[in-house]
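Numbering (the working numbering), first residue to last: 34 to 215. Where a beta carbon is used, it is the ideal one built from N, C-alpha and C, also for glycine. Just so you know, these numbers come straight off a predicted model, no measurement behind them. Here's the structure, in structure tokens; my notes come after.
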């Protein structure tokens, strides 16, 4: 266990836990830095799969909605406090309002992300290529489907807003990739 190859004036010995096992230490922790794929076709694709897309958009939407909703609900809970309330009652009101609003916003944005991911993946599959048009059509369809129960006019307006928002998001992402050095 002692390393005797160093000079004799050293008062300590080096500990080498794998010395008796004859394991080359340089190969023990030599891990690849690139992602590993089961099939070679997966390595050629520069896009997330439909399942990864679905999980990413739904989870991101839920998390964003929950955070924003909790903040809005907490502010509403602070505003709803009455002059005669005790501290315990005020804290309870803030927590209840933040939890209720956060849950509602999170569920709403999670559903929007779920619809968007499904439509975008469907467009990529149907058209066979991945470009900005898929995201715009998915945003348009998401807005229209999400507000379809409110009537055709509301669905059309929400679809237009969704398409514009998706187009702006994709264009902004492409501009950042092009002009911001990272």
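Legend entry - Cβ contact check for the stretch 135–145 and the stretch 101–108: 3 or more pairs under 8 Å: yes
Inset, instruction - Check the C-beta distance from residue 146 over to residue 184 and give it rounded, since I have them as a contact under 8 Å. - result: With a Cβ gap of about 23 Å, residue 146 and residue 184 do not count as contacting.
Inset, instruction - Indicate the three-state DSSP secondary structure (helix, strand or coil) for residue 138 in the structure shown. - result: helix
Inset, instruction - Mind checking which residues open and close the alpha helix (DSSP H) that includes residue 101? - result: 83–112
Inset, instruction - For the alpha helix (DSSP H) containing residue 211, list its first residue and its last residue. - result: 185–212
Legend entry - Element boundaries [alpha helix (DSSP H), containing residue 166]: 165–179
Legend entry - CB of residue 157 within 9 Å of CB of residue 196, strictly: no
Inset, instruction - Check whether the stretch 161–168 touches the stretch 199–210, counting contact only when three or more Cβ pairs, one atom from each stretch, lie closer than 8 Å. - result: yes
Legend entry - Among 152, 134, 127, 106, the one whose alpha carbon lies nearest that of residue 87: 152
Inset, instruction - Take residue 171 as the anchor and find which of 105, 213, 191, 211 has the nearest alpha-carbon. - result: 191
Inset, instruction - Kindly indicate which three-state DSSP category residue 80 falls into: helix, strand or coil? - result: coil
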